[in-house]
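Here the structure comes first, spelled out in C-alpha cells, and everything after it is commentary.
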Amino acid sequence: MELNSRFDVIKRLQAELPRGAPFDLAVLSQFGVSPQLAAHYVDGGWLVRLAQGVYAYPNDDFSVYGALLFLQRRVPGLHVGGKSALAWQGVRHNLGSRDALVLWGDNRFPLPTWFTKRFPARYVHAHLFDWPDDELSRKTLTTPPSLPDGLHVATPERAMLELLYEVGVKQSLEEARNLFDGLRSPRKDLLGRLLTCCTSVKAVRLFLTWARETSLVDVDTLLEQYAVRTGSPKRWMSRLDDGTLLSLKPRG
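The opening position of the sequence shown corresponds to residue 0 in numbering that gives the first Met the number 0, with each subsequent residue numbered one higher.
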C-alpha cells in the first residue's frame with residue numbers, strides 16, 4: 000500500500016473509530032486495516048498493541064466501561080457480578096477503592112494482563128445456574144442508569160446469589176451478611192425463578208436463612224410457590240476458612 004493510502008486509512012480510522020475502548024483486528028478490518036498494516040501503524044506510533052490482535056490508540060486512557068464492552072464481545076456471558084454488581088447498584092458496605100472488580104462469565108477465561116493492570120479484577124467461572132432458557136439469563140442482567148448501553152451487570156437478585164456462592168472462599172460471611180442487609184425489595188418472581196435453578200445449596204440455604212431472619216421475603220410462601228433447590232433434608236455444614244462452622248437448615 001502506498002504511503003498516502005496508509006495515511007488516508009489511519010486518518011479515517013481516527014475520525015470514525017472513537018477513543019475510549021480497545022479494538023481488535025475484526026474491527027480494524029472494517030476500515031481496511033490488515034494485520035500487516037496494523038503492525039506498521041504500531042511501528043509508526045499510530046496504534047499501540049495491548050496483546051495478540053488487540054490494539055488501542057496511543058495515550059488513550061480508556062475507561063473500565065469501554066474495556067468491559069470489548070471483553071463482552073469475546074467472552075460468553077461476561078458481566079459485572081457479585082459484590083461489584085451490588086455496589087454498582089447502591090448496595091455496598093465499606094466498599095474500598097482497592098476492591099477488585101468481580102466479573103462472571105460462562106466459560107473459563109484468563110483476564111488479559113492489559114485489563115488487570117489498569118483495572119484490578121478477578122474472574123469467576125462457575126455453573127451457578129441451570130438456566131431453563133436464555134430468557135431468564137438475559138432478564139437477570141441489566142444496565143444500571145448512567146452506564147453505557149449494553150454493559151452487562153447482574154441484577155441485585157442474581158448478584159446476591161453470586162456473592163453467597165463465594166462465602167467462605169473469596170467472600171467473608173460477615174461482609175456478605177452486611178450486604179444482604181442492604182438488599183431492598185427484591186422482585187419475588189425473579190428471585191423465585193433464580194432460586195429454582197441455582198445449583199449451589201450453600202447459596203440457596205444461606206439466602207433462605209437470612210431472608211427468614213430479616214423478613215426480606217416470606218420464605219414459606221416462596222417455598223410453596225417455587226421448586227427451590229434446597230438439597231437433601233439434612234443440614235448443610237461446612238467449616239469456613241476463618242474457622243467458622245456454617246450450619247444451614249434446608250428451609251432456612
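Glycine included, every Cβ here is placed at the ideal spot set by N, Cα and C.
These figures come from a predicted structure and were not determined experimentally.
With 16 or more neighbouring CB atoms inside 10 Å of its own CB, residue 83 falls in the buried class. By the CB criterion at 9 Å, residue 104 and residue 124 fall inside the cutoff. Ranked by Cα distance from residue 226, the first of 100, 133 and 196 is 196.
The three-state secondary structure of residue 154, taken from DSSP, is coil.
Approximately 6 Å separates the beta-carbon atoms of residue 167 and residue 240; this is inside 8 Å, confirming the contact. Annotation: residue 238 to residue 209 spans about 18 Å, alpha carbon to alpha carbon. Under DSSP, no beta-bridge partner is assigned to residue 206.
Counting the other Cβ atoms within 10 Å of the Cβ of residue 232 gives fewer than 16, which makes it exposed. A direct Cα-Cα distance of roughly 5 Å separates residue 48 from residue 54. At the C-beta level, residue 203 and residue 230 come within 9 Å of one another.
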